[in-house]
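> Just dropping this structure here.
2 protein chains.
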Amino acid sequence: MLGQDDAAACCSPMVREPLDEEAAVDLAKMFKALSDPVRLRLLSLIASHKGGEACVCDLTGPFDVSQPTISHHLKVLREAGLVGSERRGTWVYYWVLPAALAKLSALLQAPAGESR
Amino acid sequence: MLGQDDAAACCSPMVREPLDEEAAVDLAKMFKALSDPVRLRLLSLIASHKGGEACVCDLTGPFDVSQPTISHHLKVLREAGLVGSERRGTWVYYWVLPAALAKLSALLQAPAGESR
DNA sequence: TCCTTGATTCGACGGCTGTCGATATGGTCG
DNA sequence: CGACCATATCGACAGCCGTCGAATCAAGGA
């Protein structure tokens, strides 16, 4: 259950100054949520879906894994603060929380030029 | 052993169109390398070190884990294509590969405005 | 009310991961 | 050469993770 209100608290590029331990623990949880191919695809599927949200029924088709496994991965993404969800009648909808992605994106911003 | 030359192959924001499975597998490996607090701190420690590189001897001090464990984490970062390394005399130096970070950063770029 | 469909939770299992101490390797200096 | 320092590798072990099928819950329609 990581919030996303603390986005400002941590997130200039990590290449500028060392992360403190607490921030590292926090961020590692988010990256761990991204460290599975199924979850990455789920996230991009949700984000690129019409209207910016998708119901679970839209998400089970493209994968070879069982529906409970999809549900498990969605839970991981939700608990990492990367997506939100809501039940509307029969279906449950998921959407991406842009602030969370932006936070990670900013963190990874590389130093200017260089290629090495 | 992930290259970083293929940076162009995958990396407009993942929120625009669904990732294909191959790209997802590839990217998940990089995020997995970032999914540990020690490795995140190592990476930022290396990147923010004077001259953009650090020898292992600079990296073992700030952590509570043993030296072999640090070595293991550095290997994970290297095999994920996030850092490079080289032996110079007695010491081994590590530096960040900016293209890899940039690739991930671009991938996570959130859609414009919105806050939800 | 009962059945059906959508989604989550549960319990189990195999494989992966982080950690350690011990050991090996690579290099420098007497 | 031989002692010594800096890193890496090895082997072991506990805990976590992705996956499944089965069971459960939630909502809607006969």
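Order-wise, the sequence lines are chains A and B.
FYI, in my numbering the residues of the first sequence are 528 to 643.
FYI, in my numbering the residues of the second sequence are 528 to 643.
Idealized CB from N, CA, C, for every residue including glycine.
Fair warning: this is a prediction, and the values are worked out from it, not measured in the lab.
1. Please look up how many angstroms separate the CB atoms of P564(A) and V552(B), rounded, as I've assumed it's under 8 Å.
2. The alpha helix (DSSP H) with E544(A) in it runs from where to where?
3. What's the C-alpha gap between G608(B) and G608(A)?
4. So is E580(B) buried or exposed if we call it buried at 16+ other beta carbons inside 10 Å?
5. Please confirm whether A555(A) and L567(B) have their CB atoms less than 8 Å apart.
6. Per DSSP, what kind of secondary structure is V610(A) in: helix, strand or coil?
7. Can you tell me which of A574(A), P545(A), H600(A) puts its alpha carbon nearest to the alpha carbon of K544(B)?
8. May I ask which residues mark the beginning and end of the alpha helix (DSSP H) holding A633(A)?
9. Can you give me the C-alpha to C-alpha distance between H600(A) and H576(B), rounded to a whole angstrom?
10. Assuming M557(B) and L624(B) form a contact by the criterion Cβ under 8 Å, report the distance between their Cβ atoms to the nearest whole angstrom.
11. The stretch 571-603 of chain A: which residues have C-beta closer than 8 Å to a C-beta of chain B, in chain order?
12. How many Å lie between R614(A) and L546(B) at the Cα?
Taking the coordinates as given:
1. One-based indexing of the first sequence puts residue 564(A) at position 37. One-based indexing of the second sequence puts residue 552(B) at position 25. With a Cβ gap of about 5 Å, P564(A) and V552(B) count as contacting.
2. In the first sequence, residue 544(A) corresponds to position 17, counting from 1. Element bounds for E544(A): n/a, residue is neither H nor E.
3. Numbered from its first residue, the second sequence carries residue 608(B) at position 81. Numbered from its first residue, the first sequence carries residue 608(A) at position 81. So the two alpha carbons sit approximately 27 Å from each other.
4. For the purposes of this step, residue 580(B) is identified with residue 53 of the second sequence, where counting begins at 1. Flag for E580(B) reads buried.
5. Working through the first sequence from its first residue, we reach residue 555(A) at position 28. Working through the second sequence from its first residue, we reach residue 567(B) at position 40. Yes, the pair counts as a contact, with Cβ atoms nearer than the cut-off.
6. Taking the first sequence and counting its residues from 1, one reaches residue 610(A) at position 83. Strand.
7. Stepping through the second sequence from its first residue, residue 544(B) is reached at position 17. The sequence given here has Glu at residue 544(B), not Lys. When only C-alpha atoms are compared, the closest one is A574(A).
8. Sequence index remark: in the first sequence, residue 633(A) carries index 106 (1-based). Counting along the chain, the alpha helix (DSSP H) containing A633(A) begins and ends at 625-634.
9. Here residue 600(A) refers to the residue found at position 73 when the first sequence is read from its first residue. Here residue 576(B) refers to the residue found at position 49 when the second sequence is read from its first residue. Taking the straight line joining both Cα atoms gives about 36 Å.
10. The residue labelled residue 557(B) in the question sits at position 30 within the second sequence. The residue labelled residue 624(B) in the question sits at position 97 within the second sequence. With a Cβ gap of about 11 Å, M557(B) and L624(B) do not count as contacting.
11. S571, L572, A574, S575, G579, P589
12. As a first step, residue 614(A) must be located in the first sequence, where it is residue number 87. As a first step, residue 546(B) must be located in the second sequence, where it is residue number 19. So the alpha carbons of these two residues sit roughly 26 Å apart.
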